[in-house]
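Data block below; observations after.
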Amino acid sequence: MSTLTIMPSATSIAVAEGDSLLAAMLANGTPVAHKCDGQASCGQCHLFVLEGRKGLSRTTREENAILDTLVGVGSKSRLACQATILGTEDVTVEVLSFV
Ligand code: FES
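Mapping the sequence shown onto the numbering used here, position 95 (from 1) lands on 95, and the numbers just tick up by one.
Following this line, the structure appears as structure tokens:
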């Protein structure tokens with residue numbers, strides 16, 4: 001288990017290893033935009049990882065391909081549906097798009 005802090009609300013939740021950021025936030029009631037339901041095709045779940053990048057799975061080629069199509073992407077960008085919690089350290093994210 002590790003802690004996921006969601007900005008800008010500063011909500012902290014306990015998250016289990018293997019959950020995606022998207023699944024963890026939706027289970028908590030955070031209305032993250034996710035038009036493709038986690039299929040890595042819409043890009044709506046784009047967020048910034050502010051702390052704890054090493055507590056998440058590595059970015060895949062498919063995820064990078066979608067990120068390359070988005071505006072405002074930076075070194076802290078991830079797709080919430082593709083970043084899986086490893087449970088090795090706490091993670092802080094900034095959600096950019098809500099439904
Ligand atoms: S939910 Fe569509 S890319 Fe993540």
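Even for Gly, the Cβ is constructed at its ideal location relative to N, Cα and C.
Since the model is a prediction, treat every value here as computed from it, not as a measurement.
Boundaries of the beta strand (DSSP E) in which residue i is found, first to last residue
i     : result
MET7  : 2-7
LEU79 : 77-79
Coil, strand or helix - residue i by DSSP
i     : result
LEU56 : strand
VAL71 : coil
SER97 : coil
ALA14 : strand
THR88 : coil
Where the alpha helix (DSSP H) through residue i begins and ends
i     : result
ILE66 : 61-67
Any non-hydrogen atom of the ligand FES within 7 Å of residue i CB
i     : result
ALA40 : yes
ASP37 : yes
LEU26 : no
ILE66 : yes
Alpha-carbon to alpha-carbon, residue j and residue i
i      : j     : result
GLU51  : THR59 : 16 Å
ASN64  : LEU96 : 18 Å
ASP37  : CYS81 : 8 Å
GLY18  : LEU79 : 15 Å
GLY108 : ASN28 : Past the edges of the chain, shown from 1 to 99, lies residue 108, and the structure says nothing about it.
PHE98  : VAL73 : 17 Å
SER9   : LYS35 : 22 Å
SER55  : GLN44 : At residue 55 the sequence reads Gly, which differs from the Ser that was named. Their backbone Cα atoms lie some 22 Å apart in a straight line.
beta-carbon residue i near the ligand PLP non-hydrogen atom, thresh 7 Å
i     : result
ALA83 : The model depicted lacks the ligand PLP and carries the ligand FES instead.
Exercise for the section: Within the stretch 18-51, note down every full alpha helix (DSSP H) run reaching 4 residues or more, in order along the chain. Expected result: 21-27
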